[in-house]
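*Asks:* In terms of our numbering, the sequence shown opens at residue 679 and continues consecutively. We put the CB at the ideal spot given by N, CA and C, even for glycine.
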Amino acid sequence: MHNHDKMIDIEEALKRILKDFVPLESENKPILSAQGQILSKDILGQFNVPSFDNSAMDGFAVVSDDTIGSTTQKPSTLKVIGSVSAGEISRQTVKKGTAIRIMTGAAIPKGANAVVPFEETDEVDRKIILEKEITQISIRSETKPGTHVRLSGQDIQKGEKVLSAGTALQAADIGVLASLGYEKIDVIKRPKISILSTGKELIEPGGSISEGKIYDSNSYSVAAAAINAGALPTMLGIAGDDRSEIIQKLEMGLDSDMIITSAGVSVGDYDIVKDVLSDKGKMEFWSVKIRPSKPLAYGNLLRDDGKNIPLIGLPGNPVSALIGFELFGRPAIHKMLGKGETSRPIISAILQEPIYNYDGRKVFSRAVISKKEGVYYAKLTGHQGSNLLTSMSKANGLVICPSHIPVQASGESVDVQMTDWPEEVF
Ligand code: AMP
Ligand code: MG
679 MHNHDKMIDI
689 EEALKRILKD
699 FVPLESENKP
709 ILSAQGQILS
719 KDILGQFNVP
729 SFDNSAMDGF
739 AVVSDDTIGS
749 TTQKPSTLKV
759 IGSVSAGEIS
769 RQTVKKGTAI
779 RIMTGAAIPK
789 GANAVVPFEE
799 TDEVDRKIIL
809 EKEITQISIR
819 SETKPGTHVR
829 LSGQDIQKGE
839 KVLSAGTALQ
849 AADIGVLASL
859 GYEKIDVIKR
869 PKISILSTGK
879 ELIEPGGSIS
889 EGKIYDSNSY
899 SVAAAAINAG
909 ALPTMLGIAG
919 DDRSEIIQKL
929 EMGLDSDMII
939 TSAGVSVGDY
949 DIVKDVLSDK
959 GKMEFWSVKI
969 RPSKPLAYGN
979 LLRDDGKNIP
989 LIGLPGNPVS
999 ALIGFELFGR
1009 PAIHKMLGKG
1019 ETSRPIISAI
1029 LQEPIYNYDG
1039 RKVFSRAVIS
1049 KKEGVYYAKL
1059 TGHQGSNLLT
1069 SMSKANGLVI
1079 CPSHIPVQAS
1089 GESVDVQMTD
1099 WPEEVF
């Protein structure tokens, strides 16, 4: 028995896979298309945001001393010497006894140190009467210096660190970059993943099917999950259970950051992927103590230039393939993306039916998680056969049953790895 023939724990398998992955190099790309990617450098404020003092309200820019003692009963009257709207700069100076009509976002004119909103002047009455150019305004409240003035640098100070390297860019971050004038940004590249299905029974969806054949679903579910994880998949298609065909297809994937195959890794007559790994690179292991997805192979293909291309050989059964990707492919992609070693959210839920674990592997059961009065409940999605892909498509989480527990009884609290949890579960 070779060392790589040993069935290993999931933790060891993940460790041995992740050791081969590092964050990829950076690329410079338009800020919008960098959404979800990881910033490769700190972003500093190149200038103050806002870059000039401006009004927070529609109103009048005044010298605050002019408003002392103003009330509705005893307003103070100021001469209106002009107006300024957002995007304009007033050439006039506000002196004592004068005011400039100002719109939200307009630069505070010279001499002014506060803004009195329309609501605290007779502008509100006036508006109803006529649209005539106004020459004076009654101020109905006292306004302290700085009131309704948004100071330069209030949002971002020049030189200040605004976003840190390692940040996964989200909507508001992209807005912050735009507000600093960035058109493009440096982020860590998305990994390129090549995906190959093996098996002479497989037909490409869209093709005509004959007895004994099935459509290839693994390429599609795994590619979709890879996109979800942040990668760029390339479909290598289908290779029959033929050594030279598999090698020829795999060679087309040698320019990617990782290759993912499905099937051909168990102990059947046609399980060639393992042999190809051994011959054309290095086989690390091919059996993990989990259910489903036990016959999962991992190794590297050696390229002519000496570079090793990691290869995850997923089992053929559709549920096993997807869970194998979830447990090993996704973390590898996240590491290449610069997200570090991530895990899905794990929650506690009350199990609503028993799970039997008859051979000491860690079990991942497909379940629907729902929430009642603040408590999560886990209900299995029916029969758990690893060939039943709908048991996966109905699920939003995987109940984890530890390897040493032979039966996880109904009513017990279990850990659930949430596979689909963009929003709160009810
Ligand atoms: P194998 O690992 O080749 O023994 O395949 C295990 C089971 O998974 C068999 O029933 C295969 O027909 C099925 N299978 C293998 N590859 C795929 C695929 N790409 N799409 C759907 N089912 C598959
Ligand atoms: Mg097969």
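Can you find a heavy atom of the ligand MG that lies under 8 Å from the Cβ of TYR893?
*Replies:* For this step, residue 893 is matched to residue 215 along the sequence shown. TYR893 Cβ: outside cutoff for every heavy atom of the ligand MG.
*Asks:* Give a single yes or no on whether THR912 has its beta carbon closer than 8 Å to a heavy atom of the ligand AMP.
*Replies:* The residue you call residue 912 lines up with position 234 of the sequence shown. THR912: no, Cβ never under 8 Å from the ligand AMP.
*Asks:* For ASP1093, which of helix, strand or coil comes out of DSSP?
*Replies:* Taking the sequence shown and counting its residues from 1, the one referred to as residue 1093 is at position 415. The answer is strand: DSSP assigns ASP1093 an E or B state.
*Asks:* Comparing alpha-carbon positions, which option in CYS1079, ALA784, GLN814 lies nearest ILE666?
*Replies:* This structure cannot speak to residue 666, because the chain is shown only from 679 to 1104.
*Asks:* Who does THR799 pair with in a DSSP beta bridge?
*Replies:* Your numbering for residue 799 matches position 121 in the sequence shown. DSSP lists ILE817 as partners of THR799.
*Asks:* Alpha carbon to alpha carbon, what distance is there between LYS960 and GLU882?
*Replies:* Numbered from 1 along the sequence shown, position 204 holds the residue referred to as residue 882. Numbered from 1 along the sequence shown, position 282 holds the residue referred to as residue 960. If I take the Cα positions, the gap works out to 30 Å.
*Asks:* With DSSP collapsed to three states, give me the class of MET930.
*Replies:* One-based indexing of the sequence shown puts residue 930 at position 252. Three-state DSSP puts MET930 in coil, outside helix and strand.
*Asks:* Can PRO993 be considered in contact with the ligand AMP, in the sense that its beta carbon sits closer than 8 Å to one or more heavy atoms?
*Replies:* The residue labelled residue 993 in the question sits at position 315 within the sequence shown. Yes, since a heavy atom of the ligand AMP falls inside the 8 Å radius drawn around the Cβ of PRO993.
*Asks:* CB ASN1074 to CB ASP1093, shorter than 9 Å?
*Replies:* In the sequence shown, counting from the first residue as 1, residue 1074 sits at position 396. In the sequence shown, counting from the first residue as 1, residue 1093 sits at position 415. Taking 9 Å as the Cβ cut-off, ASN1074 and ASP1093 do not qualify as a contacting pair.
*Asks:* Can THR845 and ARG818 be called in contact, C-beta distance under 9 Å?
*Replies:* If you number the sequence shown from 1, residue 845 lands on position 167. If you number the sequence shown from 1, residue 818 lands on position 140. No, the Cβ-Cβ distance between THR845 and ARG818 is not below 9 Å.
*Asks:* State the Cα-Cα distance for the pair SER899 and LEU1000, rounded to the nearest angstrom.
*Replies:* The residue labelled residue 899 in the question sits at position 221 within the sequence shown. The residue labelled residue 1000 in the question sits at position 322 within the sequence shown. About 7 Å.
*Asks:* Quick one: complete beta strand (DSSP E) runs, 3+ long, within the stretch 720 to 770?
*Replies:* Here the runs fully enclosed are 737 to 740, 754 to 762.
*Asks:* So, are the CB atoms of ALA734 and VAL772 less than 9 Å apart?
*Replies:* One-based indexing of the sequence shown puts residue 734 at position 56. One-based indexing of the sequence shown puts residue 772 at position 94. No. Outside cutoff.
*Asks:* Taking the beta carbon of PRO823 as the centre, do at least 16 other beta carbons fall within 10 Å, making it buried, or is it exposed?
*Replies:* Translated into positions along the sequence shown, residue 823 becomes position 145. Exposed: under 16 other Cβ atoms inside 10 Å.
*Asks:* With burial defined as no fewer than 16 other Cβ atoms inside 10 Å of the residue's Cβ, what is the status of SER729: buried or exposed?
*Replies:* Numbered from its first residue, the sequence shown carries residue 729 at position 51. It counts as exposed.
*Asks:* Under 8 Å by Cβ, that's how I've got ALA712 and ILE863 pegged, so tell me the actual separation to the nearest angstrom.
*Replies:* As a first step, residue 712 is located in the sequence shown; it is residue number 34 there, counting from the start. As a first step, residue 863 is located in the sequence shown; it is residue number 185 there, counting from the start. So it is a contact: roughly 5 Å between Cβ atoms.
*Asks:* Quick one: is the Cβ of TYR948 within less than 8 Å of any heavy atom of the ligand AMP?
*Replies:* Position 270 of the sequence shown, counting from 1, holds the residue named residue 948. Checking the Cβ of TYR948 against the ligand AMP gives yes.
*Asks:* Name the residue from THR782, LYS774, ALA975 whose alpha carbon lies nearest to the alpha carbon of SER763.
*Replies:* Working through the sequence shown from its first residue, we reach residue 763 at position 85. Cα-wise, what sits closest to SER763 is THR782.
*Asks:* Could you pull the start and end residues of the alpha helix (DSSP H) that ARG779 belongs to?
*Replies:* Residue 779 sits at position 101 when you count from the first residue of the sequence shown. No alpha helix (DSSP H) contains ARG779, which is instead part of the beta strand (DSSP E) from 776 to 780.
*Asks:* Counting along the chain, where does the beta strand (DSSP E) carrying SER956 start and finish?
*Replies:* In the sequence shown, the residue the question calls residue 956 occupies position 278. Note, SER956: premise wrong, no beta strand (DSSP E); alpha helix (DSSP H) at 951 to 958.
*Asks:* Taking only the alpha-carbon atoms, compute the straight-line gap between SER857 and GLU1004 and give it to the nearest angstrom.
*Replies:* To locate residue 857, count along the sequence shown from 1; it is residue 179. To locate residue 1004, count along the sequence shown from 1; it is residue 326. For SER857 and GLU1004, the distance between alpha carbons rounds to 37 Å.
*Asks:* Is GLU923 near the ligand MG, in the sense that its beta carbon is under 8 Å from a heavy atom of that ligand?
*Replies:* Working through the sequence shown from its first residue, we reach residue 923 at position 245. No, the ligand MG has no heavy atom inside 8 Å of this Cβ.
*Asks:* Taking only three categories from DSSP, how would you classify PHE699?
*Replies:* Here residue 699 is taken as the residue at index 21 of the sequence shown, counted from 1. Note: PHE699 maps to coil in three-state DSSP.
*Asks:* Suppose you measure from the CA of ASP731 to the CA of THR825; what does that come to, to the nearest Å?
*Replies:* Position 53 of the sequence shown holds residue 731. Position 147 of the sequence shown holds residue 825. ASP731 and THR825: Cα-Cα distance of roughly 12 Å.
*Asks:* Would you identify the three-state DSSP class for LYS1013, choosing helix, strand or coil?
*Replies:* Here residue 1013 refers to the residue found at position 335 when the sequence shown is read from its first residue. The answer is helix: DSSP assigns LYS1013 an H, G or I state.
*Asks:* With 16 other CB atoms within 10 Å as the buried threshold, where does VAL802 fall?
*Replies:* Taking the sequence shown and counting its residues from 1, one reaches residue 802 at position 124. Under this definition VAL802 is an exposed residue.
*Asks:* Are at least three pairs of beta-carbons, each pair with one atom in the stretch 1044 to 1060 and one in the stretch 1015 to 1022, less than 8 Å apart?
*Replies:* Cβ pair count under 8 Å is below three, so no.
*Asks:* Could you tell me whether the Cβ of LEU756 comes closer than 9 Å to any Cβ of chain B?
*Replies:* Any reference to chain B falls outside this structure, which holds one protein chain only.
*Asks:* Please list the segments of the alpha helix (DSSP H) lying wholly inside the stretch 847 to 892, counting only runs of 4 or more residues, in order along the chain.
*Replies:* Entirely contained in the stretch 847 to 892, the alpha helix (DSSP H) runs reaching 4 residues are, in chain order, 849 to 857.
*Asks:* Judging by CA-CA distance, which residue of THR912, VAL945, PRO1032, ALA907 is the nearest neighbour of ALA1045?
*Replies:* Here residue 1045 is taken as the residue at index 367 of the sequence shown, counted from 1. Comparing Cα-Cα distances from ALA1045 to each of THR912, VAL945, PRO1032, ALA907, the minimum goes to PRO1032.
*Asks:* Quick one: any contact between the stretch 871 to 890 and the stretch 747 to 756, if contact means 3 or more CB pairs under 8 Å?
*Replies:* Output reads no: the stretch 747 to 756 does not touch the stretch 871 to 890.
*Asks:* What do you reckon, are the CB atoms on LEU1066 and VAL997 nearer than 9 Å?
*Replies:* Numbered from 1 along the sequence shown, position 388 holds the residue referred to as residue 1066. Numbered from 1 along the sequence shown, position 319 holds the residue referred to as residue 997. Contact: yes.
*Asks:* How should ARG1039 be labelled, buried or exposed, when 16 other C-beta atoms within 10 angstroms of its C-beta is the threshold for buried?
*Replies:* Along the sequence shown, one-based indexing puts residue 1039 at 361. Buried, since its Cβ has 16 or more Cβ neighbours within 10 Å.
*Asks:* Any heavy atom of the ligand AMP closer than 8 Å to the Cβ of VAL1094?
*Replies:* Sequence index remark: in the sequence shown, residue 1094 carries index 416 (1-based). It does not: the Cβ of VAL1094 is nowhere closer than 8 Å to a heavy atom of the ligand AMP.
*Asks:* Exposed or buried, what is GLU1101 when buried is set at 16 or more other beta-carbons lying within 10 Å of its beta-carbon?
*Replies:* Counting from one through the sequence shown, the residue named residue 1101 turns up at place 423. Counting Cβ neighbours within 10 Å, GLU1101 comes out exposed, since fewer than 16 surround it.
*Asks:* Taking 8 Å as the cut-off, is the beta-carbon of ALA999 closer than that to any non-hydrogen atom of the ligand MG?
*Replies:* In the sequence shown, counting from the first residue as 1, residue 999 sits at position 321. ALA999: no, Cβ never under 8 Å from the ligand MG.
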